[in-house]
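**Q** For the sequence shown, this note's numbering assigns the number 25 to the initial residue and increments by one for each residue that follows. From the three backbone atoms N, C-alpha and C, an ideal C-beta is built for every residue, glycine too.
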Amino acid sequence: MPRDPHQLTVPEFVARKADGRKLTVLTAYDYPTARMLDSTGIEGILVGDSLSMVVQGHANTLPVTLEEMIYHAEMVGRAVRHALVIVDMPFPSFHLGTHRAIDSAGRILKETRCQAVKLEGGVEQAETIAALVAAGIPVMAHVGLRPQSIHQLGGYRVQRDEKQLLADARAAEQAGAFSIVLECIPTGIAGRISGELHIPTIGIGAGRDCDGQVLVIHDLLGLHDGRVPRHVRAYADLRSEACRAITRFRDDVRQGEFPGAEQAFQ
Ligand code: KIV
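Have a look at this one:
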């Protein structure tokens, strides 16, 4: 399928920071959701490894595989005409040396039509980020709360070590990352990082001073039956709405009211 000539490029995404225009990024894991998001004109669509939790039902983001990320990213890549599409590198695809990281990220770009990858880490991933960028693969870094390190961090907690957070963000920028996700860090620290860096910061639980915001689409639409994290604002309650529709269908079937004459053929 031919690409839209106006699909946002990585340099255009980066330039939004200098223009002072806030960036909106949301996750998608399938074709219809990606079509819907893209129609709203948001700048970025992230095929997040959060799919491990919100789509596959795992307890954390560790189980999802590279093959599964590619499978979902392919659906999203096929759907999107306007937004920049970024795909998470799953654990541990970028911890196995720069060669393996380029191989994995290269597969993502070759097989999915998506334009960039995201990986968790700052200082300790600088060499890998630089190697990917040298191979022509745009990288979004991810610092602060890094869900793939959940066992090491001991829980989903706000990260407050300003010195480390600044060092991670600076290292990612110096290594060539085009943008950085800041997850669950205090507003003041996120603001200082955003003020210092030349590349856009995309916050999630990092306050309003970031250059953009990202949310998991299931959180924004209210598709969960579980607890939503503090940093989320649910803009809809689609789970309740869907359950109401499904219950009405069940009742109509049980009472012989579906299908009606309009849904039947003579
Ligand atoms: O996997 C994901 O959805 C993410 C966002 C929460 C930033 O990394």
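Can you give the beta carbon distance from A103 to I153, rounded, assuming they're within the 8 angstroms contact cut?
**A** 28 angstroms between Cβ atoms; not a contact.
**Q** Run through the segment 255–290 for me and flag every whole alpha helix (DSSP H) of 4 or more residues, listed as ranges in chain order.
**A** Runs found: 262–278.
**Q** Within the present structure, is the beta-carbon of P116 separated from the nearest heavy atom of the ligand KIV by less than 8 angstroms?
**A** Incorrect: P116 has no Cβ contact closer than 8 angstroms to the ligand KIV.
**Q** Does the Cβ of I223 lie closer than 8 angstroms to at least one heavy atom of the ligand KIV?
**A** For the ligand KIV, not one heavy atom lies less than 8 angstroms from the Cβ of I223.
**Q** Closer than 8 angstroms: is that where the CB of T211 sits relative to any heavy atom of the ligand KIV?
**A** The answer is no for T211.
**Q** Exposed or buried, which one is D235 when buried takes at least 16 other CB atoms within 10 Å?
**A** Buried, by the Cβ-count rule.
**Q** Tell me the start and end of each unbroken alpha helix (DSSP H) in the segment 180–261 that is at least 4 residues and wholly inside, in chain order.
**A** If we require 4 residues or more, the alpha helix (DSSP H) runs fully inside the segment 180–261 come out as 186–199, 211–220 and 241–245.
**Q** Can you tell which of Q139, L177 and A129 has the C-alpha that lies nearest to the C-alpha of T33?
**A** The residue with the shortest Cα to Cα distance from T33 is Q139.
**Q** How should D275 be labelled, buried or exposed, when 16 other C-beta atoms within 10 angstroms of its C-beta is the threshold for buried?
**A** By the 10 Å Cβ count, D275 comes out exposed.
**Q** Excluding five sequence neighbours on each side, which residues of the same chain lie with their C-beta closer than 6 angstroms to the C-beta of E144?
**A** H166, R170 and Q172, listed in sequence order.
**Q** Spell out whether any CB of chain C is found under 9 angstroms from the CB atom of A258.
**A** Judged by its chain identifiers, the structure shown contains no chain C, having just a single protein chain.
**Q** For A269, is the classification buried or exposed, using 16 other Cβ atoms within 10 angstroms of its Cβ as the cut-off for buried?
**A** Exposed: under 16 other Cβ atoms inside 10 Å.
**Q** Assuming I223 and S203 are in contact, meaning their beta carbons sit under 8 angstroms apart, how far apart are those beta carbons, in whole angstroms?
**A** Their Cβ separation, rounded to whole angstroms, is 5 angstroms, which keeps I223 and S203 in contact under 8 angstroms.
**Q** Assuming contact is defined by CB atoms lying nearer than 9 angstroms, are Q237 and T48 in contact in what I supplied?
**A** Yes. Within cutoff.
**Q** Can the beta-carbon of G231 be found closer than 9 angstroms to that of G215?
**A** Closer than 9 angstroms, so yes.
**Q** Can you tell me whether H13 is helix, strand or coil according to DSSP?
**A** In the structure as shown, the chain begins at 25 and stops at 290. Residue 13 is therefore absent and cannot be evaluated.
**Q** Starting from A52 and walking both ways along the alpha helix (DSSP H), at which residues does that stretch end?
**A** Taken as a continuous stretch (DSSP letters only), A52 belongs to no alpha helix (DSSP H), as it is neither H nor E.
**Q** Would you mind working out which of G168, L133, Q80 and R181 sits nearest I161, comparing C-alpha positions?
**A** When only C-alpha atoms are compared, the closest one is L133.
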